[in-house]
Amino acid sequence: MLTPAAYRRVFRASAWYDLLIVWPYATPFGLALAWGWLDRLHVGLGQPSLPVLTVYGVLFANFFGTVVLIWSAVRLVHDDPRLGRWDALGRGLFSLWMAVALANGASPLLWLFLAAEVAFGVAQAMPVREPRPA
Numbered sequence: 558m559l560t561p562a563a564y565r566r567v568f569r570a571s572a573w574y575d576l577l578i579v580w581p582y583a584t585p586f587g588l589a590l591a592w593g594w595l596d597r598l599h600v601g602l603g604q605p606s607l608p609v610l611t612v613y614g615v616l617f618a619n620f621f622g623t624v625v626l627i628w629s630a631v632r633l634v635h636d637d638p639r640l641g642r643w644d645a646l647g648r649g650l651f652s653l654w655m656a657v658a659l660a661n662g663a664s665p666l667l668w669l670f671l672a673a674e675v676a677f678g679v680a681q682a683m684p685v686r687e688p689r690p691a
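Basically our numbering = 1-based index in the sequence shown + 557.
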């Protein structure tokens with residue numbers, strides 16, 4: 558069980574994590590840089606090159622990046638821990654889709670993102686102790 562202060566720290570950390578990880582996906586230029594970096598890491602780990610992104614892959618990555626950036630900003634600006642519960646649900650769904658992709662041969666680099674999604678999702682789904690009266 559988390560204290561309200563601990564839950565707030567987790568909730569805000571998850572929003573900052575999303576901002577830091579996802580911002581490159583919000584534009585075609587940022588995605589090109591991030592995809593190149595991920596490809597070099599992938600090859601450096603002995604894996605084959607990542608596939609070349611088509612215009613549709615770029616479009617959907619940009620959609621994803623834009624929505625996650627806005628959702629992160631909403632969580633930080635409104636600072637409402639109830640949004641953490643919704644975020645936990647979203648992370649659960651993202652985790653499910655990542656597991657499906659991994660089961661279908663996606664890059665093992667996805668495990669890094671999956672670990673963070675599961676960790677933040679579980680933490681934000683934990684019960685929060687009622688604040689004690691002053």
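Backbone N, C-alpha and C define an ideal beta-carbon position, used for all residues, glycine too.
None of these values were measured; they are calculated from a predicted model.
Enclosing alpha helix (DSSP H) for residue i [first to last residue]
i: ILE574; result: Reading off the sequence, residue 574 comes out as Tyr, not Ile. Counting along the chain, the alpha helix (DSSP H) containing TYR574 begins and ends at 561-579.
i: SER652; result: 639-660
i: GLY593; result: 585-601
i: LEU666; result: Counting along the chain, LEU666 falls outside any alpha helix (DSSP H), and DSSP gives it neither H nor E.
Residue environment, residue i, which counts as buried when at least 16 other CB atoms sit within 10 Å
i: GLY601; result: exposed
i: TRP592; result: buried
i: PHE677; result: buried
i: LEU588; result: buried
i: GLY603; result: exposed
i: TYR568; result: Note that residue 568 is Phe in the sequence shown, not Tyr. The residue is buried, with at least 16 neighbouring Cβ atoms inside 10 Å.
i: ARG686; result: exposed
Backbone secondary structure at residue i - three-state DSSP
i: VAL609; result: coil
Between the CA atoms of residue j and residue i - distance to the nearest angstrom
i: GLU674; j: LEU626; result: 15 Å
i: THR584; j: ARG597; result: 20 Å
i: PRO608; j: MET655; result: 17 Å
i: ALA572; j: PRO605; result: 32 Å
i: VAL679; j: ARG642; result: 10 Å
Inset, instruction - Report yes or no: do three or more beta-carbon pairs, one from the region 658-666 and one from the region 627-636, lie closer than 8 Å? - result: Under the 8 Å Cβ criterion, the region 658-666 does not count as touching the region 627-636, having fewer than three qualifying pairs.
Inset, instruction - For the region 611-618 and the region 638-654, state whether three or more C-beta atom pairs, one from each stretch, are separated by less than 8 Å. - result: Per the Cβ contact rule, the region 611-618 is not in contact with the region 638-654 (fewer than 3 Cβ pairs under 8 Å).
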